[in-house]
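Quick note on the numbering used here: the sequence shown kicks off at 7 and runs consecutively. Idealized CB from N, CA, C, for every residue including glycine. Step one of this worksheet: look at the structure below.
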Amino acid sequence: MGHLDHAAYGWLTPALSYVMACIGAALGLRCTVRALAATTGTSRRNWLLTAASAIGTGIWTMHFVAMLGFHVTGTEIRFNVPLTILGLLVAVVVVGAGVFAVGYGKDRGRALVLGGLTTGLGVASMHYLGMAALRLHGSVSYDPLMVGLSIAIAVVAATAALWAALNIKSPVAVAVASLIMGAAVTSMHYTGMLAVAVNVVPSDAALPGATAMQFIFPLAVGLGSYLFITSAFVALSPTAEEREASAMASADLRLGERAATAPTG
């Protein structure tokens, strides 16, 4: 059995992965709140698409930032590139199905259960697809109990996040919910990693795939930049209430101008 180190760089990778999970959660929740307040179908759809990409990207980035600190004694580690990208696509698509279920569901309770289950399974699928992309000298096995626990954490975290999107409106409350969701998603990752055991078979053969620094690190930096830029866009974009207030102010201004230019008797 190979010795597994889940934090080879100390607290750096766990802390960074938590930050990325929180940013993705905060952005996704804000976008979902905006979607539920949207007055047009197109606006709601666009906000929900942004929410799905933010949450999915944040979770994927969290996972692979954490994986930068994953080392196994006695073997190098590589990642299968197509499977790694597939994990990102699965995360965005399945999370998208969950947030759209909440965004368009007529029965809020049923939509919350369906959305939470779908999104949670999407998070878990992304994690285990990412693990399936792992290439090393040896074999990987899993503790079924810990795997089940990690999936349960993912479903509960996703359901709680969507409940927050449905019931919490203030930015401060969304920020608190995002910190909790980030902790839950990160806990899911490390619970899943505790399920892992590696039987190392020493070999001098070259491993297929890319190293974390060759592929994962540049992609994680790129997706992290996307999250920061999108966060700025959401922060600067006016809310439905602000647009309504602006429209009312413009209408009042036009009425005042008409009254001022109207001929007097």
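N-terminal and C-terminal residue of the alpha helix (DSSP H) that residue i is part of
i, result
"residue 91", "87-110"
"residue 158", "150-173"
First and last residue of the uninterrupted beta strand (DSSP E) at residue i
i, result
"residue 142", "140-142"
"residue 206", "202-206"
Minimum C-alpha distance to residue i - residue among the options
i, options, result
"residue 62", "53, 129, 76 and 194", "129"
"residue 133", "58, 16 and 202", "202"
"residue 35", "184, 207 and 235", "184"
"residue 220", "104, 70, 163 and 138", "70"
"residue 189", "206, 64, 53 and 14", "64"
"residue 25", "223, 192 and 215", "192"
"residue 55", "97, 89, 28 and 68", "97"
"residue 89", "131, 235, 109 and 207", "131"
Assigned secondary structure, residue i (DSSP; H/G/I helix, E/B strand, else coil)
i, result
"residue 57", "helix"
"residue 19", "helix"
"residue 74", "coil"
"residue 145", "strand"
"residue 10", "strand"
"residue 43", "helix"
"residue 212", "coil"
Distance between residue j and residue i (C-alpha atoms, nearest Å)
i, j, result
"residue 83", "residue 50", "42 angstroms"
"residue 10", "residue 199", "9 angstroms"
"residue 77", "residue 151", "23 angstroms"
"residue 114", "residue 107", "9 angstroms"
"residue 218", "residue 140", "10 angstroms"
"residue 52", "residue 112", "19 angstroms"
"residue 143", "residue 81", "6 angstroms"
"residue 59", "residue 47", "18 angstroms"
"residue 223", "residue 74", "8 angstroms"
"residue 138", "residue 149", "15 angstroms"
Other residues of its chain near residue i: CB distance less than 8 angstroms, five sequence neighbours each side excluded
i, result
"residue 169", "118 and 122"
"residue 39", "171, 174, 175 and 180"
Sequence-distant residues of the same chain with beta carbon closer than 7 angstroms to residue i, five excluded per side
i, result
"residue 197", "152, 155, 156 and 159"
"residue 87", "215, 216 and 221"
Cβ shell of residue i (< 6 angstroms), same chain only, five flanking positions each side left out
i, result
"residue 120", "107"
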